[in-house]
Amino acid sequence: MGFDFSPSTEQQLLVETVRRFMSQEIFPHEREVERAGEVPLDLGKQIQRRALEQGLYAANMPSEVGGGGLDFVSATLMDRELGKSTWGLIGWIGRPSEILNACRDDQREVYLFPVVRGERKEGFALTEPNAGSDAMGIQTRAVRDGDDYVINGSKHFISCVTKPDFVILFAVTGTDETPRGQRKRMTAFLVDVGSKGFEVRRGPRSVSHRTYHNYQLSFTDCRIPGRNILGEEGKGFEHAGQWLANTRILVAANCCGKAERALEVATNWAATRRQFGQTIGRFQGVSFKLADMATELKAADLLTLYVADKYARGAMTDGDAAMAKLFASEMAARVTDQAIQILGGMGLMDEMPLEMLWRDARIERIWDGTSEIQRHIIGRELLRPHEG
Ligand SMILES: Cc1cc2nc3c(=O)[nH]c(=O)nc-3n(C[C@H](O)[C@H](O)[C@H](O)COP(=O)(O)OP(=O)(O)OC[C@H]3O[C@@H](n4cnc5c(N)ncnc54)[C@H](O)[C@@H]3O)c2cc1C
Numbered sequence: 222m223g224f225d226f227s228p229s230t231e232q233q234l235l236v237e238t239v240r241r242f243m244s245q246e247i248f249p250h251e252r253e254v255e256r257a258g259e260v261p262l263d264l265g266k267q268i269q270r271r272a273l274e275q276g277l278y279a280a281n282m283p284s285e286v287g288g289g290g291l292d293f294v295s296a297t298l299m300d301r302e303l304g305k306s307t308w309g310l311i312g313w314i315g316r317p318s319e320i321l322n323a324c325r326d327d328q329r330e331v332y333l334f335p336v337v338r339g340e341r342k343e344g345f346a347l348t349e350p351n352a353g354s355d356a357m358g359i360q361t362r363a364v365r366d367g368d369d370y371v372i373n374g375s376k377h378f379i380s381c382v383t384k385p386d387f388v389i390l391f392a393v394t395g396t397d398e399t400p401r402g403q404r405k406r407m408t409a410f411l412v413d414v415g416s417k418g419f420e421v422r423r424g425p426r427s428v429s430h431r432t433y434h435n436y437q438l439s440f441t442d443c444r445i446p447g448r449n450i451l452g453e454e455g456k457g458f459e460h461a462g463q464w465l466a467n468t469r470i471l472v473a474a475n476c477c478g479k480a481e482r483a484l485e486v487a488t489n490w491a492a493t494r495r496q497f498g499q500t501i502g503r504f505q506g507v508s509f510k511l512a513d514m515a516t517e518l519k520a521a522d523l524l525t526l527y528v529a530d531k532y533a534r535g536a537m538t539d540g541d542a543a544m545a546k547l548f549a550s551e552m553a554a555r556v557t558d559q560a561i562q563i564l565g566g567m568g569l570m571d572e573m574p575l576e577m578l579w580r581d582a583r584i585e586r587i588w589d590g591t592s593e594i595q596r597h598i599i600g601r602e603l604l605r606p607h608e609g
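Residue numbers for the sequence shown follow our numbering, so the first one is 222 and each next one is one higher.
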């Protein structure tokens, strides 16, 4: 008996398919879109079409709703490959928010199924200008009025490859009494872009994932029917929390992919670039860097797979997901930085993918919960049993 981290035959085939897809449909476009700062809509749709043809689109969603039905460990292996490029491109391969599986009745026809078919795109709208890490601090309100809710407030940093067709909106719908005092009651809603009183604007450009858009949303007396509640009224925080926990593992997997690509570029360079009459990999100052990078990557990979497996078995804690995200995102930052160091000046040039990987790795320590918040989660889980 022991842990077996080797992929099954199906998982190996999946990884090979995604690798081929990345080489044929994604990598060739990186330089042009990074330089232009934009993914042309036609190119995005072409990637989406090919992903649909090859069964990679919405591979994370259950087969009963038309998705690829991947088990969670396989989805993690797929995300590791996707992490080798930038979200402006890979976002078109389509990994819908799993929170949409909470859709019921006609919500499935209007939101879930079209998203899985690639006909509609969603945004996950939690963060606000005054509430980032402190998600319970959100101020957007949805007030019940007859059968409807009337929404007022604003969101920012809501990302999507293109303007979303609807958002999964988190809003305050009241207050709950808890043993630890009052807590905001938060509810998730499905809100169509184009609804009266709902405005969507492009946000500022980010240095990471430069071609991936983020949007600012504002709601002014925006009226939506009560049937647009996603999941249970008052359970928005729980829905968001579950989604964030599994997303953190996928972020960790993305980071491992990014680091692997950077390590490959750096290793090839060190083996061929000559200075002082020999290849630079012969200098211990370079080979030790490679050794540390490879060791950190291996540790992050094993932790990520271990946590993904725990998630699949229903045994994962919030602290597990936080550890994987924390370690892998900090590892990716170090590995992409050291890879640039090994290439010297060429590492910074946009002829090579390293500067993109390095810039993209930066956000992984921020979105889906900053490194400080991950440490909070881990620390809280460690201390809780001792505090009575
Ligand atoms: C490009 C981009 C895309 C995004 N996409 C989405 C999206 O689609 N949907 C969505 O809802 N959100 C999205 N986000 C938001 C993202 O999740 C937040 O940026 C992140 O949670 C951090 O919040 P903040 O930026 O407001 O930073 P803040 O919360 O203001 O934090 C600022 C600093 O203070 C630190 N800090 C805060 N509280 C503590 C504490 N208790 N202890 C120690 N340190 C603390 C943080 O770690 C950080 O270093 C996106 C962000 C970006 C940049």
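Glycine is no exception: its CB is placed at the ideal position from the N, C-alpha and C atoms.
query                                                                                                    : result
Status (buried if at least 16 other CB within 10 Å, exposed otherwise) for VAL294                        : buried
DSSP three-state assignment for ILE470, whether helix, strand or coil                                    : helix
Assigned exposure category for VAL428 - 16 Cβ within 10 Å defines buried                                 : exposed
Where PHE509 falls: helix, strand or coil (DSSP)                                                         : helix
Burial state of ALA543, where buried means 16 or more other Cβ atoms lie within 10 Å                     : buried
Three CB pairs or more closer than 8 Å across the segment 331-340 and the segment 280-290                : yes
Ligand 1 heavy atom lying under 6 Å from the CB of TRP588                                                : yes
Closer than 7 Å to chain B by CB, LEU511                                                                 : Absence of chain B from the displayed structure is noted, only one protein chain being present.
Strand pairing of LEU411, partner residues [DSSP]                                                        : ILE389
Proximity below 7 Å, CB of LYS479 to CB of LEU578                                                        : yes
Test item: CB-CB of ARG404 and ASP413 under 7 Å                                                          : no
heavy atom of ligand 1 below 6 Å from GLU593 C-beta                                                      : yes
Residue range of the beta strand (DSSP E) that includes GLY344                                           : 343-346
The alpha helix (DSSP H) enclosing SER375, as first and last residue numbers                             : Element bounds for SER375: not the alpha helix (DSSP H) but the beta strand (DSSP E), 369-381.
Distance, HIS430 Cα to CYS381 Cα                                                                         : 11 Å
Check whether ALA549 and CYS477 have beta carbons under 7 Å apart                                        : yes
C-alpha distance - ARG316 paired with MET573, whole-angstrom precision                                   : 27 Å
Heavy atom of ligand 1 within 6 Å of ASN351 beta-carbon                                                  : no
Check whether HIS460 and ILE320 have beta carbons under 7 Å apart                                        : yes
Span of the beta strand (DSSP E) around ARG422                                                           : 419-423
7 Å Cβ cutoff met for LYS376 and GLU349                                                                  : yes
CB contact flag (LEU411, TYR332, <7 Å)                                                                   : yes
Whole runs of the alpha helix (DSSP H) within the segment 477-535, excluding any shorter than 4 residues : 505-533
Which of helix, strand or coil DSSP assigns to PRO446                                                    : strand
For LEU614, three-class secondary structure by DSSP                                                      : The requested residue 614 does not occur in the structure, where the chain is confined to residues 222 to 609.
Which residues DSSP lists as bridging GLN437, in chain order                                             : ARG422
CB of ASP571 within 7 Å of CB of PRO446, strictly                                                        : no
Beta carbon of ASN373 nearer than 7 Å to that of PHE440                                                  : yes
For GLY506 and MET567, the rounded distance between their alpha carbons                                  : 18 Å
Run of the alpha helix (DSSP H) containing ARG271, from where it starts to where it stops                : 262-274
Extent of the continuous alpha helix (DSSP H) to which VAL286 belongs                                    : Note, VAL286: premise wrong, no alpha helix (DSSP H); not H, not E.
Neighbour-count burial assignment, ARG469, 16 or more Cβ in a 10 Å radius                                : buried
Proximity below 7 Å, CB of ILE561 to CB of LEU575                                                        : yes
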